[in-house]
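Protein chains: 4
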Amino acid sequence: MFNRLIEIFLKFPGIGPRQAKRFAYFLAGQDAKFLKDFADNILEIKKDIKQCDSCFRFYAGPQCEICSNINRDKNLLMIVEKDVDLENIEKAGIYNGKYFVLGGTLSLTNSKNPPAGGLRFKELFNKVQKAKPLEIILATSATAEGENTSLYIEKILEPLRQSQGKHIKITRLGRGLSTGTELEYSDSQTISNALKNRK
Amino acid sequence: MFNRLIEIFLKFPGIGPRQAKRFAYFLAGQDAKFLKDFADNILEIKKDIKQCDSCFRFYAGPQCEICSNINRDKNLLMIVEKDVDLENIEKAGIYNGKYFVLGGTLSLTNSKNPPAGGLRFKELFNKVQKAKPLEIILATSATAEGENTSLYIEKILEPLRQSQGKHIKITRLGRGLSTGTELEYSDSQTISNALKNRK
Amino acid sequence: MFNRLIEIFLKFPGIGPRQAKRFAYFLAGQDAKFLKDFADNILEIKKDIKQCDSCFRFYAGPQCEICSNINRDKNLLMIVEKDVDLENIEKAGIYNGKYFVLGGTLSLTNSKNPPAGGLRFKELFNKVQKAKPLEIILATSATAEGENTSLYIEKILEPLRQSQGKHIKITRLGRGLSTGTELEYSDSQTISNALKNRK
Amino acid sequence: MFNRLIEIFLKFPGIGPRQAKRFAYFLAGQDAKFLKDFADNILEIKKDIKQCDSCFRFYAGPQCEICSNINRDKNLLMIVEKDVDLENIEKAGIYNGKYFVLGGTLSLTNSKNPPAGGLRFKELFNKVQKAKPLEIILATSATAEGENTSLYIEKILEPLRQSQGKHIKITRLGRGLSTGTELEYSDSQTISNALKNRK
Numbered sequence: 001m002f003n004r005l006i007e008i009f010l011k012f013p014g015i016g017p018r019q020a021k022r023f024a025y026f027l028a029g030q031d032a033k034f035l036k037d038f039a040d041n042i043l044e045i046k047k048d049i050k051q052c053d054s055c056f057r058f059y060a061g062p063q064c065e066i067c068s069n070i071n072r073d074k075n076l077l078m079i080v081e082k083d084v085d086l087e088n089i090e091k092a093g094i095y096n097g098k099y100f101v102l103g104g105t106l107s108l109t110n111s112k113n114p115p116a117g118g119l120r121f122k123e124l125f126n127k128v129q130k131a132k133p134l135e136i137i138l139a140t141s142a143t144a145e146g147e148n149t150s151l152y153i154e155k156i157l158e159p160l161r162q163s164q165g166k167h168i169k170i171t172r173l174g175r176g177l178s179t180g181t182e183l184e185y186s187d188s189q190t191i192s193n194a195l196k197n198r199k
Numbered sequence: 200m201f202n203r204l205i206e207i208f209l210k211f212p213g214i215g216p217r218q219a220k221r222f223a224y225f226l227a228g229q230d231a232k233f234l235k236d237f238a239d240n241i242l243e244i245k246k247d248i249k250q251c252d253s254c255f256r257f258y259a260g261p262q263c264e265i266c267s268n269i270n271r272d273k274n275l276l277m278i279v280e281k282d283v284d285l286e287n288i289e290k291a292g293i294y295n296g297k298y299f300v301l302g303g304t305l306s307l308t309n310s311k312n313p314p315a316g317g318l319r320f321k322e323l324f325n326k327v328q329k330a331k332p333l334e335i336i337l338a339t340s341a342t343a344e345g346e347n348t349s350l351y352i353e354k355i356l357e358p359l360r361q362s363q364g365k366h367i368k369i370t371r372l373g374r375g376l377s378t379g380t381e382l383e384y385s386d387s388q389t390i391s392n393a394l395k396n397r398k
Numbered sequence: 399m400f401n402r403l404i405e406i407f408l409k410f411p412g413i414g415p416r417q418a419k420r421f422a423y424f425l426a427g428q429d430a431k432f433l434k435d436f437a438d439n440i441l442e443i444k445k446d447i448k449q450c451d452s453c454f455r456f457y458a459g460p461q462c463e464i465c466s467n468i469n470r471d472k473n474l475l476m477i478v479e480k481d482v483d484l485e486n487i488e489k490a491g492i493y494n495g496k497y498f499v500l501g502g503t504l505s506l507t508n509s510k511n512p513p514a515g516g517l518r519f520k521e522l523f524n525k526v527q528k529a530k531p532l533e534i535i536l537a538t539s540a541t542a543e544g545e546n547t548s549l550y551i552e553k554i555l556e557p558l559r560q561s562q563g564k565h566i567k568i569t570r571l572g573r574g575l576s577t578g579t580e581l582e583y584s585d586s587q588t589i590s591n592a593l594k595n596r597k
Numbered sequence: 598m599f600n601r602l603i604e605i606f607l608k609f610p611g612i613g614p615r616q617a618k619r620f621a622y623f624l625a626g627q628d629a630k631f632l633k634d635f636a637d638n639i640l641e642i643k644k645d646i647k648q649c650d651s652c653f654r655f656y657a658g659p660q661c662e663i664c665s666n667i668n669r670d671k672n673l674l675m676i677v678e679k680d681v682d683l684e685n686i687e688k689a690g691i692y693n694g695k696y697f698v699l700g701g702t703l704s705l706t707n708s709k710n711p712p713a714g715g716l717r718f719k720e721l722f723n724k725v726q727k728a729k730p731l732e733i734i735l736a737t738s739a740t741a742e743g744e745n746t747s748l749y750i751e752k753i754l755e756p757l758r759q760s761q762g763k764h765i766k767i768t769r770l771g772r773g774l775s776t777g778t779e780l781e782y783s784d785s786q787t788i789s790n791a792l793k794n795r796k
């Protein structure tokens with residue numbers, strides 16, 4: 001069970017063999033009360049945290065407070081990779097539309113991605129078909145995997161853009177200089193984007 | 200329970216708020232089977248891993264394979280901070296004595312140390328009184344906390360050195376240049392130790 | 399002269415006391431031929447490299463190959479902090495206008511900046527007055543100092559925008575996600591910019 | 598000359614292409630007075646700094662204040678790689694013998710080492726033959742190159758140890774835990790040395 005725990009910890013995001021082993025030793029050194037508390041909370045996390053069947057974010061409480069909020073603009077649908085991205089965007093306090101959590105990025109190499117259950121492309125298609133937003137914002141990361149995922153989403157949603165009664169605009173987050181970027185160390189792609197998007 | 204899990208993960212070694220939250224989301228996204236497997240292994244870790252009541256290391260199997268190994272020199276007792284230190288020393292393959300795992304270092308600042316249950320100074324005293332080794336090797340880290348802990352151990356064991364029938368030698372791991380050390384970047388303490396311990 | 403050399407090396411960009419001393423020792427260990435070659439090239443750098451009196455970049459050859467290139471769009475004037483920024487932008491291969499090298503940023507803290515001679519705000523004013531570009535692109539870094547410098551430039555150029563016969567558009571490089579940016583780790587300012595500049 | 602300066606800066610210790618170019622631009626931006634001051638000091642460094650013909654360290658002043666100091670123990674000869682190592686050892690304030698500066702390490706890969714002129718193995722042989730110290734301390738770094746260099750020195754000096762009237766002891770700086778070393782992250786070699794050298 002010690003080795004099984006190490007195996008399980010290796011599936012945690014960002015955890016390698018050395019830290020997985022430290023975690024297992026850490027647990028071995030805890031008393032029965034701590035272990036029971038930990039195990040109980042793990043088993044009951046599903047009671048506390050539910051996954052919204054509309055946007056697929058995790059939420060506590062009776063209902064998803066974003067999907068159920070009628071003051072948020074349902075014409076805007078932002079697609080994010082994961083819950084922490086959504087939280088970070090909410091923290092910026094400048095977005096008042098809806099979300100859809102895809103569940104990760106299309107992986108090029110890392111076998112840990114996508115997580116068990118895969119990405120929710122099918123659910124996204126259904127969501128867009130039903131919600132009929134005016135604009136879909138692809139808020140994937142500016143990485144090779146993020147760009148690849150956005151390209152794939154555009155392809156999937158293409159039929160909906162053409163066949164639905166109204167035109168759906170698909171946008172991406174602006175590319176350019178992020179806070180702290182120095183021109184001296186910028187790659188050509190960033191410089192090129194920053195120049196095109198000047199204003 | 201989501202927030203409680205974050206609290207628990209914050210007690211894990213080396214885990215900060217951001218990663219604790221990622222772990223909680225990671226668990227929220229796993230299926231019931233994964234969660235049950237994880238919780239079961241946590242609850243049963245004590246069945247698999249036992250803590251030796253002589254050296255206090257964690258071991259799997261019927262008995263501690265170091266304490267029960269009659270080919271290991273019981274006249275040598277090495278005191279280490281934690282299990283991973285012991286493992287690393289075993290990996291070097293050059294020590295054939297016994298061990299005692301203290302459970303951490305006397306902390307100067309970090310509130311995470313010592314872990315729940317405190318350090319085993321009392322158990323160490325009893326162990327030395329009973330085992331009567333010829334030499335005790337203080338194998339704490341060459342950090343302020345490690346040095347402080349070794350000083351404290353020496354003070355605690357002082358009565359045993361004087362009252363027992365035979366003299367106990369207390370040694371510390373050699374100080375000097377560790378692999379990769381360059382003279383240009385060495386601190387004065389290391390240079391001083393390296394010079395004193397030249398041979 | 400050894401200590402004077404250390405003082406001089408301390409003025410070099412990015413050089414601290416330890417490295418300045420290593421450089422001085424390095425020179426002390428070189429033969430007379432090396433030292434003469436080094437000194438000669440230092441004294442003659444001005445013969446080889448001239449500073450363009452129009453854009454203030456350094457150039458080799460008979461004339462500044464950017465200012466003298468009639469195929470470059472003189473209606474576009476990009477203001478950069480320093481020569482290496484200009485080089486990096488040229489490397490991206492997507493800009494075909496003219497440049498003006500300011501000489502650094504308005505410093506908030508670092509006493510090494512601005513370099514001897516100060517920033518060329520006055521020269522910039524004269525350049526704009528004479529060149530009458532249609533657009534001025536403020537290509538300072540997306541740092542506090544860079545933003546501060548751009549604000550100051552806008553203030554300085556304000557009279558020219560209003561009094562000249564034609565309207566001068568002043569733009570800044572686009573803000574948003576730079577290559578490699580992950581949403582999870584982005585600051586609110588970058589997220590806000592990326593959302594505003596989506597397309 | 599701009600490119601020649603970049604070539605020269607590339608020979609400086611620890612300087613890569615990007616920084617070499619920044620240095621060249623930095624010089625191009627300085628006024629004639631600065632450049633003349635810099636060149637003058639470079640040309641005159643040999644007048645200010647002399648290399649001791651006994652220990653080969655660089656010194657300012659009328660004579661090498663270590664070799665000429667009759668209060669320093671001439672029976673102890675410490676061999677160091679370079680001047681900054683010697684300075685760092687002096688800073689520790691615990692060594693009162695003499696030195697010999699070898700000029701670098703026997704290089705396994707890096708083409709920048711040894712510096713122009715090569716290492717002073719021959720001079721070392723002559724120095725030992727003449728000075729007849731009681732102990733030679735090999736104070737090379739605890740790196741592969743440092744160890745290799747020490748081995749080579751031992752081989753070279755072997756004839757002197759056997760033929761001279763008195764026996765010369767050759768020692769090395771002590772190996773073990775350097776300041777800050779944690780057992781958890783130590784390599785087997787360091788652990789092995791620390792255990793052997795315990796006391």
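Residue numbers (the working numbering), protein chains in the order written: chain E, 1 to 199; chain Z, 200 to 398; chain H, 399 to 597; chain G, 598 to 796.
Beta carbons are placed, not taken as given, at the ideal position from N, Cα and C, and that holds for glycine.
Cβ neighbour criterion (16 or more within 10 Å) applied to residue i
i, result
"E/ASP85", "buried"
"G/ILE676", "buried"
"E/PRO133", "buried"
"G/ILE734", "buried"
"G/LEU699", "buried"
"Z/ASN325", "exposed"
"H/GLY459", "exposed"
"H/LYS496", "buried"
"Z/ALA231", "exposed"
Residue i, DSSP secondary structure in three states
i, result
"E/GLN189", "helix"
"E/ASN71", "coil"
"E/PHE58", "strand"
"Z/GLU381", "coil"
"E/TYR99", "strand"
"G/LEU731", "coil"
"E/ILE170", "strand"
"G/ARG772", "strand"
"G/LEU673", "strand"
Length of the line joining the Cα atoms of residue i and residue j
i, j, result
"Z/ALA219", "G/CYS652", "58 angstroms"
"G/GLU678", "Z/LYS354", "41 angstroms"
"H/LYS567", "H/VAL526", "12 angstroms"
"E/THR181", "H/GLU521", "26 angstroms"
"Z/ASN202", "Z/ARG217", "13 angstroms"
"G/ALA728", "G/LYS671", "8 angstroms"
"H/ILE570", "H/GLU533", "Here residue 570 of chain H turns out to be Arg, not Ile, going by the sequence shown. Looking at the two C-alpha atoms, the distance is approximately 10 angstroms."
"E/ILE89", "H/LEU506", "30 angstroms"
"Z/LYS249", "Z/PHE225", "29 angstroms"
"Z/ALA223", "Z/ILE265", "37 angstroms"
"H/GLY544", "E/LEU183", "10 angstroms"
"E/LEU160", "E/ILE191", "34 angstroms"
"E/LEU157", "H/LYS489", "36 angstroms"
"G/GLU641", "Z/SER349", "54 angstroms"
"E/ILE15", "Z/ALA227", "17 angstroms"
Proximity test, residue i beta-carbon vs the ligand GTP heavy atom, cut-off 7 angstroms
i, result
"H/LYS520", "For the structure depicted, the ligand GTP is absent and the ligand set is empty, with no information on it obtainable."
Self-check item: Contact list for the region 688–701 of chain G against chain H, Cβ threshold 9 angstroms
Solution: GLY700
Self-check item: chain G contacts from the region 364–379 of chain Z (Cβ-Cβ distance under 7 angstroms)
Solution: THR370, ARG371, LEU372, GLY373, ARG374, GLY375, LEU376, SER377, THR378, GLY379
Quiz item: the region 601–612 of chain G: which residues have C-beta closer than 7 angstroms to a C-beta of chain H, in chain order?
Solution: ARG601, LEU602, ILE605, PHE609, PRO610, GLY611
Quiz prompt | Contact residues within the region 523–543 of chain H, judged by C-beta distance below 7 angstroms to chain E | solution = ILE535, ALA537, SER539, ALA540, THR541
Exercise. Using a Cβ-Cβ cut-off of less than 9 angstroms, give me the residues of the region 421–441 of chain H that come near chain G, in sequence order.
Key: PHE421, ALA422, TYR423, PHE424, LEU425, ALA426, GLY427, GLN428, ASP429, ALA430, PHE432, LEU433, LYS434, ASP435, PHE436, ALA437, ASP438, ASN439, ILE440, LEU441
Practice problem: Compile a chain-ordered list of the residues in the region 653–683 of chain G whose CB is closer than 8 angstroms to at least one CB of chain H. | Solution: PHE655, ALA657, LYS679, ASP680, VAL681
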